[in-house]
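Q: In our numbering, the protein residues as written are 25 to 155.
All C-beta atoms, glycine included, are put in the ideal place defined by N, C-alpha and C.
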């Protein structure tokens with residue numbers, strides 16, 4: 025029996041159709057997630073005028089990202105055994121309003137990192153209440 029030859033155009037078309045259906049199925053499977061998260065967001069009473077605060081532990085330090093509409097505040101405290109670096113940024117859209125960093129010649133303790141992050145969050149909250 026002679027070897028079977030595949031029509032490469034037909035195989036390619038079949039693969040594209042199968043992958044297209046897989047992508048469509050995946051996208052449709054995400055719709056309930058998107059709708060339910062949007063409903064949960066609305067049920068929470070979260071609006072664009074409220075602050076969204078995300079704090080993440082990074083090694084010995086921490087990072088906080090605060091967003092409100094197009095405004096974003098960022099602070100990262102990076103700690104090594106030899107020193108600590110604190111980075112603060114504030115941005116509106118793509119324009120940076122503040123971009124500063126400071127270096128300390130010793131490692132900050134976990135309590136000092138927590139206080140620095142809490143003070144930053146409270147200062148952003150206070151400035152937004154004043155406006």
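Let me check understanding here. Comparing Cα to Cα, which of 124, 128, 139, 105 lies closest to residue 83?
A: Within the chain shown, the letter at position 59 stands for residue 83. Selected option, being the one with the closest Cα: 105.
Q: Compute the Euclidean distance between the alpha carbons of residue 80 and residue 88, then round it to the nearest angstrom.
A: In the chain shown, counting from the first residue as 1, residue 80 sits at position 56. In the chain shown, counting from the first residue as 1, residue 88 sits at position 64. Residue 80 and residue 88: Cα-Cα distance of roughly 6 Å.
Q: Check the DSSP bridge columns for residue 91 and list the partner residues they point to.
A: The count along the chain shown starts at 1 and reaches residue 91 at position 67. Answer is 76, 96, bridged to residue 91.
Q: Shortest alpha-carbon distance to residue 125 belongs to which of 148, 112, 94, 134?
A: Along the chain shown, one-based indexing puts residue 125 at 101. Of the candidates 148, 112, 94, 134, the one whose C-alpha sits nearest the C-alpha of residue 125 is 112.
Q: By how many angstroms is the C-alpha of residue 117 removed from the C-alpha of residue 142?
A: As a position in the chain shown, residue 142 is number 118, starting the count at 1. As a position in the chain shown, residue 117 is number 93, starting the count at 1. Cα to Cα, the separation comes out at about 24 Å.
Q: Is residue 130 helix, strand or coil by DSSP?
A: Numbered from its first residue, the chain shown carries residue 130 at position 106. In this structure, residue 130 counts as coil in the three-state DSSP scheme.
Q: Compare the C-alpha of residue 75 against each of 136, 98, 135 and name the closest.
A: Position 51 of the chain shown holds residue 75. Nearest of 136, 98, 135 to residue 75, Cα basis: 98.
Q: Taking the alpha carbon of residue 77 as the point to measure from, which residue in 152, 145, 115 has its own alpha carbon closest?
A: Start at 1 with the first residue of the chain shown, and residue 77 comes out as number 53. Out of 152, 145, 115, 145 has the C-alpha closest to the C-alpha of residue 77.
Q: So if DSSP puts residue 103 in a beta bridge, which residue, or which two residues, is it bridged to?
A: Here residue 103 refers to the residue found at position 79 of the chain shown. BP columns for residue 103 point to 108.
Q: Count the other C-beta atoms from every protein chain shown that fall within 10 angstroms of the C-beta of residue 137, then say buried if there are 16 or more, exposed otherwise.
A: If you number the chain shown from 1, residue 137 lands on position 113. The residue is buried, with at least 16 neighbouring Cβ atoms inside 10 Å.
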